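Okay, structure first, notes after.
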Ligand code: AMP
């Protein structure tokens, strides 16, 4: 599988990516996770990215394209991957096309998740993460008091950019810079729209059905 998961923040890309990784044993390439790791480790890249991320803005194209180039250098990753959160701008999408061409990679599908804006704001407001295993929780299920991950004992926290002000900015950025990619990928016939409003397991089933149908085509 060589797929891109596309959609606004909070649409469920990370959650669906984890389920697809279990199914296909793919490499999960999340630029958000890679950047957060760099920020945590205070690398040069992390220091460069932090202020953009905290404000809900995009990190400059050349930084994230460089990251992806680095990851796709591995033969194993190139064979079977799920890109989550990349590309997010037209220049990133064209840089990725150039990179794929150079590496001989043929993209299978771009899964585009669609969810109402109100639902997105609610999901991001409710989202909590585990610092240890990266598991995603929602406070409607776990309550606001859960501070320790039941799976690994890690700290459960809210991302700074999931707070109301950065969320507003992230949604604006999505509308202005990322949404135009829908047309870009529609033209290549690789775009598969998926209704992301349903329950996680059902959305996963929709994704699998669509991927298998696309393979048979
Ligand atoms: P995410 O975890 O995908 O929501 O990403 C969190 C933040 O990381 C975003 O709000 C951006 O600041 C940054 N980021 C992640 N992926 C990209 C990308 N492809 N281009 C630019 N910035 C990105």
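Numbering (our numbering), first residue to last: 354 to 570. Idealized CB from N, CA, C, for every residue including glycine. Being a predicted model, the structure only gives us computed values, none of them experimental.
Going by the CB atoms, is the gap between residue 384 and residue 420 shorter than 8 Å?
Working through the chain shown from its first residue, we reach residue 420 at position 67. Working through the chain shown from its first residue, we reach residue 384 at position 31. Taking C-beta atoms as the reference points, residue 420 and residue 384 count as a pair closer than 8 Å.
Are the CB atoms of residue 466 and residue 547 within a distance shorter than 8 Å?
In the chain shown, residue 547 corresponds to position 194, counting from 1. In the chain shown, residue 466 corresponds to position 113, counting from 1. Closer than 8 Å, so yes.
Given 8 Å as the limit, is there contact between the stretch 462-476 and the stretch 393-413, that is, 3 or more CB pairs closer than that?
Contact fails between the stretch 462-476 and the stretch 393-413, because fewer than three Cβ pairs, one in each stretch, are under 8 Å apart.
Identity of the residue in 497, 416, 478 nearest residue 440 by Cα:
The residue labelled residue 440 in the question sits at position 87 within the chain shown. Ranking the options by Cα distance to residue 440, first place goes to 416.
Chain-order list of residues whose beta-carbon lies under 8 Å from that of residue 538 (same chain, five-residue window excluded)
Here residue 538 is taken as the residue at index 185 of the chain shown, counted from 1. Around residue 538: 357, 359, 446, 463, 465, 544.
Three-state class that DSSP yields for residue 542 in the structure shown
Translated into positions along the chain shown, residue 542 becomes position 189. If DSSP states are grouped into helix, strand and coil, residue 542 belongs with coil.
Can you have a look at residue 557 and say buried or exposed, based on whether 16 or more other CB atoms are within 10 angstroms of its CB?
Working through the chain shown from its first residue, we reach residue 557 at position 204. With 16 or more neighbouring CB atoms inside 10 Å of its own CB, residue 557 falls in the buried class.
On the three-state DSSP scale, how would you describe residue 427?
Residue 427 sits at position 74 when you count from the first residue of the chain shown. Coil, per DSSP.
Please report the straight-line C-alpha distance between residue 461 and residue 526, rounded to a whole angstrom.
As a position in the chain shown, residue 461 is number 108, starting the count at 1. As a position in the chain shown, residue 526 is number 173, starting the count at 1. Cα-Cα distance, rounded: 27 Å.
Measuring CB to CB, does residue 499 end up less than 8 Å from residue 510?
For this step, residue 499 is matched to residue 146 along the chain shown. For this step, residue 510 is matched to residue 157 along the chain shown. No; because the gap between Cβ atoms is not below 8 Å, this pair is not in contact.
Give me the DSSP bridge partner(s) of residue 483.
If you number the chain shown from 1, residue 483 lands on position 130. Here residue 483 is bridged, per DSSP, to 509.
Cβ atoms of residue 367 and residue 437: under 8 Å apart, would you say?
Within the chain shown, numbered from 1, the residue matching residue 437 stands at position 84. Within the chain shown, numbered from 1, the residue matching residue 367 stands at position 14. Closer than 8 Å, so yes.
Any heavy atom of the ligand AMP inside 7 Å of the beta-carbon of residue 520?
Working through the chain shown from its first residue, we reach residue 520 at position 167. Residue 520: no, Cβ never under 7 Å from the ligand AMP.
Other residues of its chain near residue 391: CB distance less than 6 Å, five sequence neighbours each side excluded:
Position 38 of the chain shown, counted from the first residue, corresponds to residue 391. Same-chain partners within the cutoff: 398, 399.
With a threshold of 16 other CB atoms inside 10 Å of the CB of residue 549, please say whether the residue is buried or exposed.
Looking up residue 549 in the chain shown gives position 196. Its Cβ being crowded by 16 or more others within 10 Å, residue 549 is buried.
On the DSSP letters alone, give me the boundaries of the alpha helix (DSSP H) that residue 375 sits inside.
Translated into the one-based positions of the chain shown, residue 375 becomes position 22. 366-377 is the span of the alpha helix (DSSP H), which, as asked, contains residue 375.
Quick check on the burial criterion: 16 or more other C-beta atoms within 10 angstroms. Buried or exposed for residue 505?
Start at 1 with the first residue of the chain shown, and residue 505 comes out as number 152. Residue 505 is exposed by the Cβ-count criterion.
8 Å CB neighbourhood of residue 567 in its chain, flanking five on each side removed
Mapped onto the chain shown, residue 567 falls at position 214. Excluding residues within five positions, the ones whose Cβ falls inside 8 Å are 461, 462, 545.
Proximity winner among 431, 454, 442, 493, relative to residue 530 (alpha-carbon distances):
As a position in the chain shown, residue 530 is number 177, starting the count at 1. The candidate whose alpha carbon is nearest that of residue 530 is 442.
Considering only residues of the same chain and omitting the five flanking positions on each side of residue 425, which have a CB-CB separation below 7 Å?
Indexing the chain shown from 1 puts residue 425 at position 72. Excluding positions up to five away in sequence, the list reads 431, 452, 456.
Using the three-state DSSP reduction, which class does residue 560 fall into: helix, strand or coil?
Taking the chain shown and counting its residues from 1, one reaches residue 560 at position 207. The answer is helix: DSSP assigns residue 560 an H, G or I state.
Going by the CB atoms, is the gap between residue 408 and residue 521 shorter than 8 Å?
Taking the first residue of the chain shown as 1, we reach residue 521 at position 168. Taking the first residue of the chain shown as 1, we reach residue 408 at position 55. Contact: no.
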